[in-house]
Amino acid sequence: MSNVLVLVDHAAGAVRKTTAELLTIARRLGDPVAVFIGEGVSEALPALGQYGAVKVIALSNPELGQFLVAPKAEALAQVAAKVEPSAILISSNAEGKEIAARLAVKLDSGLITDAVDVEAGDGGPVTTQSVFAGNFTVQAKVTHGTPIITVKPNAATPEAAQTSPEVEEFDVTISDTAKTAKIVESKPREATGRPELTEAAIIVSGGRGTGGDFGPIEAFADSLGAAVGASRAAVDSGWYPHAYQVGQTGKTVSPQLYVAAGISGAIQHRAGMQTSKTIIAINKDPEAPIFELVDFGVVGDLHKVLPTATEEVTKRKS
Ligand code: FAD
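The sequence shown stops at residue 1037 when you use our numbering, and every number in between is there.
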């Protein structure tokens, strides 16, 4: 079987769910080899083994964490030159996509971004993407070089496949040109206790219809263990931070369940959420365009519907 490189997405060794998804997808294509950059490889090892990594290549050069993404792309290119993988999978977040783009140039290879599914095909992986604000679904494959694919969160359900991967330390050489953008300060965002928006299985989003009161949105989200999102109208009004905006100029999400409350369903909002597996809308206007998209719709005032739903969920949990 050929090797498939998976760039591990982690925070100090705590492996993110997207990596479990990538390893699950990698197993359809070959033997997953995890590339771990930074500190904490021993903490990460059980999770990487749980999802089937046959080997972990650890890159611990401290310079990799001191600059923006250029050194990571360079390092990954060096790993790829040695391993000669049949494909490289990377999480579709801002950093992952920039690494992937730089890597594609270095390896003179084709790149596919934002795949929502990846399957083995004749002559290489076949990806599925949702393009043009979700109006088209495209099947694509890389025809030149090593296929580099960024995969959106929730593209696969992580499936366990217990392995005991060996760890191989890998020395990288970082060029001076890759060290031109240094990180001078890095502060974690204030913890909300809720899942990360792009990784969450459930998202409850609020729009202009909240009138600025996100209390019912947050309470319902918390009853479900969900993340909170917001439309641009809510963000532009200063009701919720931009980091939570869903849509064309915000985050693209693809959860199992997306609840849109007081959101009309403008094309730019849909662009960020319409690949969600199940969509529920709560809107007091029965003609709101969001209802064209939903699996379940509730015509009503979110300030009445959400507290009742929260109470019901809480009751059923206890
Ligand atoms: P509105 O369109 O005003 O809709 C509010 C809805 O709430 C209405 O349907 C109304 O019936 C309902 N409502 C009101 N009161 C209640 C109540 N009490 N209970 C239940 N329902 C109620 N938008 C994004 O969201 N994300 C983006 O990333 C984004 N990027 C953009 C990029 C560009 C270049 C442009 C031009 C626009 C972008 N937009 C984006 C803006 C987008 O076009 C819409 O203006 C925006 O999505 C509207 O937000 P909204 O649905 O919350 O507000």
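All C-beta atoms, glycine included, are put in the ideal place defined by N, C-alpha and C. Since the model is a prediction, treat every value here as computed from it, not as a measurement.
- Between Gly981 and Gly925, the CB-CB gap stays under 9 Å.
- Distance from the CA of Lys736 to the CA of Gln797, rounded to the nearest whole angstrom, comes to 26 Å.
- In the three-state reduction of the DSSP assignment, His729 falls in the strand class, which pools E and B.
- Note on Val727: 16 or more other CB atoms within 10 angstroms of its CB, so buried under the neighbour-count rule.
- Between the stretch 767 to 774 and the stretch 784 to 796 there are fewer than three inter-stretch CB-CB distances shorter than 8 Å, so the stretches are not counted as touching.
- Bounds of any alpha helix (DSSP H) do not take in Ser973, whose DSSP letter is neither H nor E.
- For the pair Leu742 and Pro844, the CB atoms are not nearer than the 9 Å cut-off.
- Counting C-beta atoms within 10 angstroms of its own C-beta, Phe855 has fewer than 16 neighbours from the protein chains shown and is therefore classed as exposed.
- In this structure, the CA atom of Val886 is about 24 Å from the CA atom of Val870.
- The beta carbons of Lys825 and Glu793 sit closer together than 9 Å.
- Under DSSP, the beta-bridge partners assigned to Ser924 are Gly948, Ala979.
- Counting along the chain, the unbroken beta strand (DSSP E) around Pro844 starts and ends at 843 to 850.
- Summarising the contact set, residues whose Cβ lies nearer than 5 Å to any heavy atom of ligand 1 are, in chain order, Gly926, Arg927, Gly928, Ser950, Arg951, Ala952, Gly966, Gln967, Thr968, Gly969, Gly981, Ile982, Ser983, Ala985, Gln987, His988, Asn1002, Lys1003, Asp1004, Ala1007, Asp1020, Leu1021.
- With a 10 Å radius around the Cβ and a threshold of 16 neighbouring Cβ atoms, Gly991 comes out buried.
- Between Val923 and Val903, the C-beta spacing is not below 9 Å.
- The stretch 771 to 779 and the stretch 907 to 916 do not touch, with fewer than 3 CB-CB distances between them shorter than 8 Å.
- By the criterion of at least three beta-carbon pairs nearer than 8 Å, the stretch 998 to 1014 is not in contact with the stretch 854 to 868.
- Cβ-Cβ distances below 7 Å link Ala819 to Ile809, Leu830, Thr832, Ile867, Thr869 in the same chain, with the five nearest sequence neighbours on each side left out; the list follows chain order.
- Where Val903 is concerned, there is no enclosing alpha helix (DSSP H), because DSSP gives it neither an H nor an E.
- Less than 9 Å divides the Cβ of Ile756 from the Cβ of Leu783.
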